[in-house]
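Residue numbers (this note's numbering): 1420 to 1768.
In what follows, a structure is listed as structure tokens, so that the remarks can point back to it.
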Ligand SMILES: Cc1cc2nc3c(=O)[nH]c(=O)nc-3n(C[C@H](O)[C@H](O)[C@H](O)COP(=O)(O)OP(=O)(O)OC[C@H]3O[C@@H](n4cnc5c(N)ncnc54)[C@H](O)[C@@H]3O)c2cc1C
């Protein structure tokens, strides 16, 4: 049996542990958090992630947790729609449900150790860094220069326990800020992002929520209505961090997956999706090929793709959170919306 230590039992680490061949590998997962989280936001699972969830064997369970409302609109700050978003292909799942289902899919033969790992030891045949954007594995083996990068943006999100109004679903882009309203099984999910000096550590959620109410007080009524129902207990606030560009996800017998390898801004909603794809790709290769070849192939097939998405996500963030270019962006989006509407009428759709 080859021994594998997975550092981090989040989305990527658990998906990997669930897919490794039990008859070939002796697997240990080190996770610093005792128990599963009880508060979390919603993650959109795009088709590639759905295929990964199918490989893990939990796609149908995830679908059952997904809310029925899927479509929405990209809107201006006042709420007027520019472009409709058809979310028919996406499945939305709360992070809490996803982690619970992934955790249940991990075989009993996998050893679980609740401990924070700060340095990588040389014992196991393979070490997998699945310990997120602030990865200790990356810092230890790739060097302190690969530490997480702080963006100037704050991400605040929460749940309001009332059913979502389907006419309000979507993302609202203002001058230097964005606000999102979406469905979640327990009510309405909201999120907000803008440039902020708050944090990066010790963020007070109650005062941040007040700042969000203030900032969005001139925006459309749907936003104000959602924020009136928001409470600190059902809200989370954090600064957004990203991982710098890495030349390889593999160093000797250590490999990075998920946010440890490629944490990105949340603007394309792809971080968790790509973490799942990393995990099932790596498991599939390790299960069927010699280790060195499996690691080489994993690096080749995942690095360019995930770094591309990371860059695209930052670019999308710059457009969504545009400040001086906001009037031009709004005019272009309004024009694109009118054109799409005319095409739809012309084709009878
Ligand atoms: C506001 C926001 C919205 C997002 N929305 C979406 C979305 O809609 N769709 C999407 O696909 N993605 C989204 N993402 C991205 C997504 O959350 C991440 O990409 C995903 O969580 C990465 O999974 P991971 O397992 O690699 O890392 P994590 O989820 O960070 O898990 C890492 C795990 O390792 C543990 N750990 C950390 N350090 C150590 C250590 N030293 N020792 C032991 N254990 C350790 C942690 O406790 C944690 O459990 C969003 C992110 C943000 C911030």
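For every residue, glycine included, the Cβ atom is placed at its ideal position computed from N, Cα and C.
Source: prediction; values computed, not measured.
Look at residue 1728: its beta carbon is at least 7 Å from all of the heavy atoms in ligand 1. Boundaries for residue 1481: no beta strand (DSSP E) harbours it, while the alpha helix (DSSP H) harbouring it runs 1478-1484, taken from the DSSP string. Looking at 1455, 1477, 1624 and 1460, the one whose alpha-carbon comes closest to that of residue 1437 is 1477. Cβ-Cβ separation between residue 1544 and residue 1422: approximately 5 Å, consistent with a contact (criterion under 8 Å). Proximity of the beta carbon of residue 1486 to ligand 1 is not indicated: no heavy atom of the ligand is located closer than 7 Å. In this model, residue 1504 and residue 1491 are separated by some 5 Å (Cα to Cα). In the DSSP annotation of this structure, the continuous segment of the alpha helix (DSSP H) that includes residue 1626 starts and ends at 1624-1634. Secondary structure at residue 1647: helix, using DSSP grouped into helix, strand and coil.
CA-to-CA, the gap between residue 1678 and residue 1540 works out to about 21 Å. Apart from the 5 residues on each side of it in sequence, residue 1500 sits with its Cβ closer than 6 Å to the Cβ of 1492 and 1494 in its chain, given in chain order.
The Cβ atoms of residue 1532 and residue 1447 lie closer than 8 Å to each other.
Residue state for residue 1668 is assigned as coil, using DSSP reduced to three classes. Secondary structure at residue 1584: coil, using DSSP grouped into helix, strand and coil. DSSP links residue 1612 through a beta bridge to 1574 and 1597. Annotated as distal: residue 1622 and residue 1683, with beta-carbon spacing of 8 Å or more. In the structure shown, the three-state DSSP call for residue 1463 is strand. Here the alpha carbons of residue 1681 and residue 1536 stand approximately 20 Å from one another. With contacts defined by Cβ atoms closer than 8 Å, residue 1710 and residue 1654 do not form a contacting pair. Note that the C-beta distance between residue 1608 and residue 1461 is below 8 Å. Contact check for residue 1696 against residue 1648 fails: the beta carbons are separated by 8 Å or more. Between residue 1700 and residue 1720, the beta carbon gap of about 6 Å places them in contact (Cβ cut-off 8 Å).
Remark: C-beta atoms of residue 1641 and residue 1600 approach each other more closely than 8 Å. In the structure shown, residue 1526 falls within a coil segment according to DSSP collapsed to helix, strand and coil. Looking from the CA of residue 1472, the closest CA among 1694, 1723 and 1750 belongs to 1694. Taken in chain order, the unbroken stretches of alpha helix (DSSP H) that lie wholly in the segment 1657-1708 and span 4 residues or more are 1678-1681 and 1690-1707. Here residue 1750 is not near residue 1738, since their CB atoms are 8 Å or more apart. Using a 10 angstroms sphere on the CB of residue 1542, the tally of other CB atoms stays under 16, which defines it as exposed. For residue 1516, the Cβ stays outside the 7 Å cut-off from all heavy atoms of ligand 1.
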